[in-house]
Amino acid sequence: MIAHAAIGKLFGLPVVMSTSAQAGPNGPLPQEILDMYPGAPLIKRQGEVDAWDNVDFRDAIKAANKSQIIMAGIVTDVCTAFCALSLRAEGYSVWANVEASGTTTPLIRDISNDRMAAAGVNIVSLFSIVCDLMRDWRNTPGAAEVLPWLDQYFPAYGFVARAHHAAIENGTVIPGESALPN
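Per mature numbering (1 follows the signal peptide of the UniProt record, and there is no 0): the sequence shown = residues -23 to -1, 1 to 159.
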């Protein structure tokens, strides 16, 4: 969830945050996310489950003046799916980050993602979103900005980049590596 939120900072994207019931079971957003975007709209819905049903949320999305929405929600089958389907019905292109939402069982995850995909929602990973936004390692943000971000938020890729750098720096490979295909 924190990594998903940090995508906006990396790429300078407009961010709209929302909660359905600040004092309810879903509670407030994590402070780490709020601290990332002190000036971003935080829509404290009064109980609407589908964020799109809240006029302030709709107005904030429209004010961002974007036709493509990258999103996640606490619960895949409700928070993410309901809003993603509503956004699609309004003509938005939607990318749902499967790694930034969760649910209770693999079955519910799968049918929820299938439901969204059938409506035209792009079901994607964190790494896919980052690379889709970057498009080219030579861009800005590109390798210089994205690799440190990946090292922090997607450690598996960060370790690969660190290992590559170390091999270049020390100029050695272990026996057998040179026999691997390029």
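A virtual CB, placed ideally from N, CA and C, is assigned to each residue, including glycine.
For S(-4), the secondary structure class from DSSP, reduced to helix, strand or coil, is coil. Between L103 and G135, the alpha-carbon positions lie close to 14 Å from each other. Look at the region 3 to 44 and you find these whole runs of beta strand (DSSP E), each 3 residues long or longer: 19 to 21. Each residue's CA atom was taken as its position, placing K43 and P125 some 27 Å apart.
A distance below 8 Å separates the beta carbons of D33 and I20. Assigned with DSSP and collapsed to three states, M93 falls in helix. When L62, E9, G16 are compared, the shortest CA-CA separation from D27 is found for L62.
In the three-state reduction of the DSSP assignment, M(-23) falls in the coil class, being assigned neither a helical nor a strand state. For A77, the CB contacts under 6 Å within the same chain, skipping 5 residues up- and downstream, are M(-23), H(-20), A49 in chain order.
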